[in-house]
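Data first, discussion second: the structure below is written as structure tokens.
2 protein chains.
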Amino acid sequence: MRTRQGQPAGGKNPGERSLLERIRSRAARQAADLRLGIGDDCALLAPEPGEEVAVTTDLSIAGRHFLLEWHRPEVVGHRTLARGLSDLAAMGARPLGAFVSLGLPVELTRKRGSRSSWIEDFFTGFLALARPYRTPLAGGDLAQSPLALADVVLVGAVPRGRALLRSGARPGDLLYVTGRLGGAAAGLAALRASGPKFRELLRSHLYPQPRVAQGLWLQRRGVATAAIDLSDGLSTDLHHLCEESRVAAEVDATRLPVHPSATLDQALNGGEDYELLFTAPSRTRVPRSIAGVAVTAIGRIAPRDRRRPLVALMTGTGGEPLEARGWEHFA
Amino acid sequence: MRTRQGQPAGGKNPGERSLLERIRSRAARQAADLRLGIGDDCALLAPEPGEEVAVTTDLSIAGRHFLLEWHRPEVVGHRTLARGLSDLAAMGARPLGAFVSLGLPVELTRKRGSRSSWIEDFFTGFLALARPYRTPLAGGDLAQSPLALADVVLVGAVPRGRALLRSGARPGDLLYVTGRLGGAAAGLAALRASGPKFRELLRSHLYPQPRVAQGLWLQRRGVATAAIDLSDGLSTDLHHLCEESRVAAEVDATRLPVHPSATLDQALNGGEDYELLFTAPSRTRVPRSIAGVAVTAIGRIAPRDRRRPLVALMTGTGGEPLEARGWEHFA
Chain A
1 MRTRQGQPAG GKNPGERSLL ERIRSRAARQ AADLRLGIGD DCALLAPEPG
51 EEVAVTTDLS IAGRHFLLEW HRPEVVGHRT LARGLSDLAA MGARPLGAFV
101 SLGLPVELTR KRGSRSSWIE DFFTGFLALA RPYRTPLAGG DLAQSPLALA
151 DVVLVGAVPR GRALLRSGAR PGDLLYVTGR LGGAAAGLAA LRASGPKFRE
201 LLRSHLYPQP RVAQGLWLQR RGVATAAIDL SDGLSTDLHH LCEESRVAAE
251 VDATRLPVHP SATLDQALNG GEDYELLFTA PSRTRVPRSI AGVAVTAIGR
301 IAPRDRRRPL VALMTGTGGE PLEARGWEHF A
Chain B
332 MRTRQGQPAG GKNPGERSLL ERIRSRAARQ AADLRLGIGD DCALLAPEPG
382 EEVAVTTDLS IAGRHFLLEW HRPEVVGHRT LARGLSDLAA MGARPLGAFV
432 SLGLPVELTR KRGSRSSWIE DFFTGFLALA RPYRTPLAGG DLAQSPLALA
482 DVVLVGAVPR GRALLRSGAR PGDLLYVTGR LGGAAAGLAA LRASGPKFRE
532 LLRSHLYPQP RVAQGLWLQR RGVATAAIDL SDGLSTDLHH LCEESRVAAE
582 VDATRLPVHP SATLDQALNG GEDYELLFTA PSRTRVPRSI AGVAVTAIGR
632 IAPRDRRRPL VALMTGTGGE PLEARGWEHF A
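Quick mapping for you: the protein sequence lines, in order, are chains A and B.
What the first sequence shows, in the numbering used here, is residues 1 to 331, in sequence order.
What the second sequence shows, in the numbering used here, is residues 332 to 662, in sequence order.
Printed below as a string of structure tokens:
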């Protein structure tokens with residue numbers, strides 16, 4: 001954790017300085033491919049020979065991506081890291097390290113009476129997810145800000161030329177999705193309706209599990225022709241995949257693995273499920289589950305045709321255009 | 332550039348969508364070690380065999396690290412990238428790619444009458460610095476935010492085991508600095524006193540030049556035992572170097588290369604000069620300039636001794652403790 005002006009760099013604020021030392025020591029306990037972590041000008045990561053480096057950044061802002069009143073700091077820590085790990089999952093990359101830049105009002109860096117500070121609880125949630133995914137906290141930045149925000153960077157490694165891209169889908173490929181869809185949006189709707197006290201019911205919204213093992217499996221077996229993670233919602237993310245692959249797609253509404261608490265609309269447009277959407281040639285055998293998570297064929301890839309929608313939703317009675325209606329967070 | 336909810340991902344806002352396409356096409360023009368840039372779940376970077384990956388993140392927030400009233404968007408773009416490139420310079424790393432996460436009020440993404448938008452001018456300044464340093468814009472994130480902020484991530488490569496660390500200084504080493512000190516603080520003081528109209532005089536504050544070539548030279552020749560960049564100010568950054576190397580230091584006040592417009596206090600505590608501070612054994616021949624930038628020996632490394640200050644400033648009449656008084660930006 002590098003410190004900046006107005007921060008304890010100069011030893012002006014012993015309380016914050018010791019906070020940063022505590023974060024540093026908690027982070028250092030879980031190093032793996034990390035050659036040099038917090039405390040120098042840069043962190044140093046060591047991919048294996050023949051590997052490329054995958055990098056993703058995700059900015060989360062209070063009032064937009066999370067609400068301080070609704071989301072405990074542990075939840076914010078978990079969710080911000082899950083967003084980045086899910087991007088690595090969608091490339092079939094193995095995590096090397098995470099970096100987190102925090103802008104925080106000063107009161108969130110201070111102890112709350114006898115309780116630990118918001119920032120310490122944020123790292124509790126962050127590190128609790130980082131540990132099972134073997135992702136060391138390798139660095140970051142901290143600045144005072146009137147608005148709470150976290151920019152999380154994930155760096156991963158993937159054998160050269162083996163990354164799962166959005167652009168590899170071909171007409172005739174089948175379309176697959178891991179897990180179930182709409183649970184995160186249904187959880188959020190319940191949170192909106194009932195307030196924070198039903199939090200325990202809302203794990204898929206509060207604690208999404210990125211599909212890193214599933215992405216690695218697809219990459220290692222060479223099964224997928226294209227992949228993307230469902231952060232913005234199936235309708236929007238499938239548009240991204242079709243645009244990058246220059247193809248069209250048809251989704252079979254009756255085959256969608258809708259979460260039992262979710263509506264079809266939440267499954268199509270809900271976002272933040274952090275499942276993987278991928279394509280594979282129709283002759284390829286894709287298992288019904290990967291690393292314990294169900295995989296469902298939900299449609300097929302078609303050639304682009306100006307007379308037909310880029311993405312169509314097929315129902316029993318015919319097809320209709322599926323517009324990109326990615327989820328709107330708390331805006 | 333990945334887009335997020337509330338952003339044009341779903342094609343809801345064709346103006347912003349075309350803006351992002353324009354940024355993407357401007358960024359794509361300068362790819363180098365970049366295998367895959369903006370438009371997928373992650374960017375892919377390809378270090379050479381035997382290289383490690385250096386990563387640094389720097390968060391800049393309006394009102395704290397820059398002022399929208401004082402700093403034109405081109406200046407903010409330049410300065411936020413310079414902060415990160417300077418961290419790579421201090422490791423002796425070669426830039427592979429840059430990532431920028433922007434949180435912006437919506438009006439900064441819109442055209443200003445017939446003029447281009449703030450965000451486009453930000454990228455003009457960012458890319459104008461990126462180009463000569465061969466640093467492709469590889470990705471990032473964009474979100475609406477009531478507060479303008481930029482988190483810039485730099486990824487670089489350095490041969491395994493060859494990075495310049497803060498922790499390598501040994502008693503007896505001499506202490507060197509590139510360029511001149513205090514110019515950025517003197518420029519800022521002039522800006523404070525006179526307002527934006529004397530901007531042209533203020534290049535070292537507005538357009539600092541990171542010392543990437545000098546850091547690479549030191550790394551390739553194996554000259555430096557430790558290095559750090561002067562972002563927080565000589566007094567604070569030298570404390571960091573001494574702490575990481577577990578040594579003490581003496582700075583000779585009469586030998587400091589103080590910028591002709593700066594005071595001694597600005598040279599010691601001003602910050603944002605983005606020069607390199609490094610150490611080398613006293614028997615090592617260090618040239619008087621590297622890649623066109625002057626190098627000055629300004630002191631020496633000593634063993635730690637509880638009876639003496641960690642960092643001392645030596646004047647003609649003796650020594651005094653040099654406290655870490657890193658610069659306070661606009662707080």
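Quick reminder that beta carbons are idealized off the backbone N, C-alpha and C, glycines included.
Worksheet entry | Contacts around Ala324(A), its chain only, beta-carbon distance under 7 angstroms, and the 5 residues preceding and following it disregarded | Ser235, Thr236, His239
Worksheet item: Tell me which same chain residues have a C-beta within less than 6 angstroms of the C-beta of Thr610(B), skipping the five on either side of it?
Response: Ala500, Asp504, Leu506, Thr556, Ala557, Ile632
Worksheet item: Taking the DSSP output, what are the residues bridged to Val399(A)?
Response: Because residue 399(A) is not part of the residues shown, which for chain A are 1 to 331, the question remains open.
Discussion item. For a test of the three-state rule: what should DSSP assign to Leu653(B), helix, strand or coil?
Written reply: coil
Discussion item. Short of 8 angstroms Cβ to Cβ, which residues in the region 461 to 484 of chain B face chain C?
Written reply: Absent from the structure is chain C; the protein chains it does hold are A and B.
Worksheet item: Closest by CA to Ala157(A), which one among Val384(B), Arg638(B), Thr646(B)?
Response: Val384(B)
Practice prompt. Could you tell me which chain A residues have their CB closer than 8 angstroms to the CB of Arg542(B), listed as they occur along the chain?
Written response: In chain order: nothing, as chain A lies at least about 12 angstroms away.
Worksheet item: So what does Ile290(A) bridge to, in DSSP terms?
Response: Val293(A)
Fill in: Continuous alpha helix (DSSP H) stretch holding Phe430(B): start and end
Note, Phe430(B): premise wrong, no alpha helix (DSSP H); beta strand (DSSP E) at 425 to 435.
Worksheet item: Quick one: does Gly370(B) have its CB under 8 angstroms from some CB of chain A?
Response: yes
Item to complete: Return no unless some Cβ of chain A is closer than 8 angstroms to the Cβ of Thr556(B).
Response: no
Practice prompt. Would you mind reading off the limits of the alpha helix (DSSP H) that contains Phe453(B)?
Written response: 449 to 461
Fill in: Boundaries of the beta strand (DSSP E) in which Pro159(A) is found, first to last residue
149 to 159
Practice prompt. Check Gln361(B) in the structure and name its three-state DSSP category.
Written response: In this predicted model, Gln361(B) has a pLDDT of only 48, less than 50, meaning its place in the structure is not dependable; the value taken from the coordinates is given anyway. In the structure shown, Gln361(B) sits in coil (DSSP, three-state: anything other than H, G, I, E or B).
Item to complete: Note the first and the last residue of the continuous beta strand (DSSP E) segment covering Glu581(B).
Response: 579 to 583
Fill in: Min CB distance Glu651(B) to chain A below 8 angstroms
no
Worksheet item: Near Ile621(B), what residues of its chain come up, given a Cβ to Cβ distance below 6 angstroms and the 5 sequence neighbours on each side ignored?
Response: Gln545, Trp548
Worksheet item: Which bits of chain A does Val617(B) rub up against, with CB to CB less than 8 angstroms?
Response: Going along chain A, no residue has its Cβ under 8 angstroms from Val617(B), so there is no contact; the nearest lies around 20 angstroms.
Worksheet entry | Cβ-Cβ separation, Ile119(A) to Thr109(A) (assumed contact under 8 angstroms), whole Å | 5 angstroms
Practice prompt. Output the boundary residues of the alpha helix (DSSP H) element that contains Val543(B).
Written response: 543 to 552
Discussion item. Does the CB of Cys242(A) have a neighbour CB from chain B at under 8 angstroms?
Written reply: no
Worksheet item: Of all the CB atoms in chain B, is at least one closer than 8 angstroms to the CB of Val106(A)?
Response: no
Discussion item. Please determine whether the Cβ atom of Val624(B) lies at a distance below 7 angstroms from any heavy atom of the ligand MN.
Written reply: In the structure on display, the ligand MN does not appear, and there are no ligands present to speak of.
Worksheet entry | Beta-carbon spacing of Val332(A), Val55(A) below 8 angstroms | Because chain A here runs from 1 to 331, residue 332(A) falls outside it and cannot be looked at.
Fill in: Cβ pair Arg26(A), Leu102(A) closer than 8 angstroms
no
Fill in: chain A contacts made by the region 410 to 424 of chain B, where a contact means CB separation under 7 angstroms
Asp418, Leu419, Ala421, Met422, Ala424
Worksheet item: Since Gly326(A) contacts Asp232(A) with CB under 8 angstroms, what's their CB separation in whole angstroms?
Response: 4 angstroms
Worksheet entry | Cα-Cα separation between Arg619(B) and Val642(B), rounded to whole angstroms | 24 angstroms
Worksheet item: Under a Cβ-count criterion, where at least 16 other Cβ atoms within 10 Å of its own Cβ denotes burial, should Gly649(B) be classed as buried or exposed?
Response: exposed
Fill in: For Gly77(A), the three-state DSSP class (helix, strand or coil)
helix
Worksheet item: What separation, rounded to the nearest whole angstrom, lies between the Cα atoms of Asp58(A) and Pro404(B)?
Response: 22 angstroms
Item to complete: Measure the C-alpha to C-alpha separation of Leu653(B) and Val293(A) and round it to an integer number of angstroms.
Response: 59 angstroms
Fill in: Three-way DSSP call (helix, strand, coil) for Leu608(B) in this model
strand
Worksheet item: Between Ala690(B) and the rest of its own chain, which residues show a CB-CB distance below 8 angstroms, the 5 nearest in sequence each way excluded?
Response: No answer is possible for residue 690(B): it lies beyond the span of chain B, which begins at 332 and ends at 662.
Worksheet item: From Leu367(B) to Glu651(B), what does the alpha carbon distance come to, in whole angstroms?
Response: 53 angstroms
Item to complete: Quick one: list the residues of chain B neighbouring Glu52(A), beta-carbon separation under 9 angstroms, in chain order.
Response: Arg366, Leu367, Leu375, Leu376, Ala377, Pro378
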